[in-house]
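In this text, residue positions in the sequence shown follow the working numbering: the first is 152, and each later residue adds one.
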Amino acid sequence: MELTVLVVPACPHTAPLRERLTLVLEGRTDVTVTWREVTDPEEAEHLGMHGSPTLLVDGADPFARPDEAPSLSCRLLGLPSPDRLRRALARPGVC
């Protein structure tokens, strides 16, 4: 499983998400995590960023609302709980 975390510079949610992912991924050897800083709106749209941070699980954002447009912004809903992260990683595409 490939996780990609898209963040804007100085995002206040980056460190807390890193901590939650470390907790949730403990003991998992089947997961690779890549952190990517995004500074350009076109890049954000191309990557499918729905605010910072965006967690992509095998290229898909399991936490995006169906009508949510890509954007280079702060994610207004904040961070998913550790339980929601576990569910998203157990069944990619469904949380």
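C-beta atoms are modelled at their ideal positions from N, C-alpha and C, and glycine is treated no differently.
Which of the three DSSP states, helix, strand or coil, is assigned to residue i?
| i | result |
| --- | --- |
| Ala-211 | strand |
| His-197 | helix |
| Val-182 | coil |
| Arg-216 | coil |
| Leu-236 | helix |
| Glu-188 | strand |
| Val-158 | strand |
| Leu-174 | helix |
In terms of alpha-carbon separation, which member of the options lies closest to residue i?
| i | options | result |
| --- | --- | --- |
| Glu-193 | Leu-223, Leu-228, Leu-154 | Leu-223 |
| Val-156 | Leu-176, Leu-174, Val-175, Val-189 | Val-189 |
| Pro-221 | Arg-238, Phe-214, Glu-196, Val-184 | Glu-196 |
If you count every other CB in all the chains shown that lies within 10 Å of the CB of residue i, and 16 or more means buried, which is it?
| i | result |
| --- | --- |
| Met-152 | exposed |
| Thr-180 | exposed |
| Ala-161 | exposed |
| Val-158 | buried |
| Asp-212 | buried |
| Ser-203 | buried |
| Pro-167 | exposed |
| Leu-236 | buried |
| Val-208 | buried |
| Gly-244 | The predicted model places Gly-244 with a pLDDT of 49, which falls under 50 and marks its position as unreliable, so this point remains unresolved. |
Do residue i and residue j have their C-beta atoms within less than 8 Å of each other?
| i | j | result |
| --- | --- | --- |
| Leu-284 | Arg-171 | Outside the shown range of the chain, which is 152 to 246, sits residue 284, and nothing can be said about it. |
| Leu-198 | Leu-154 | no |
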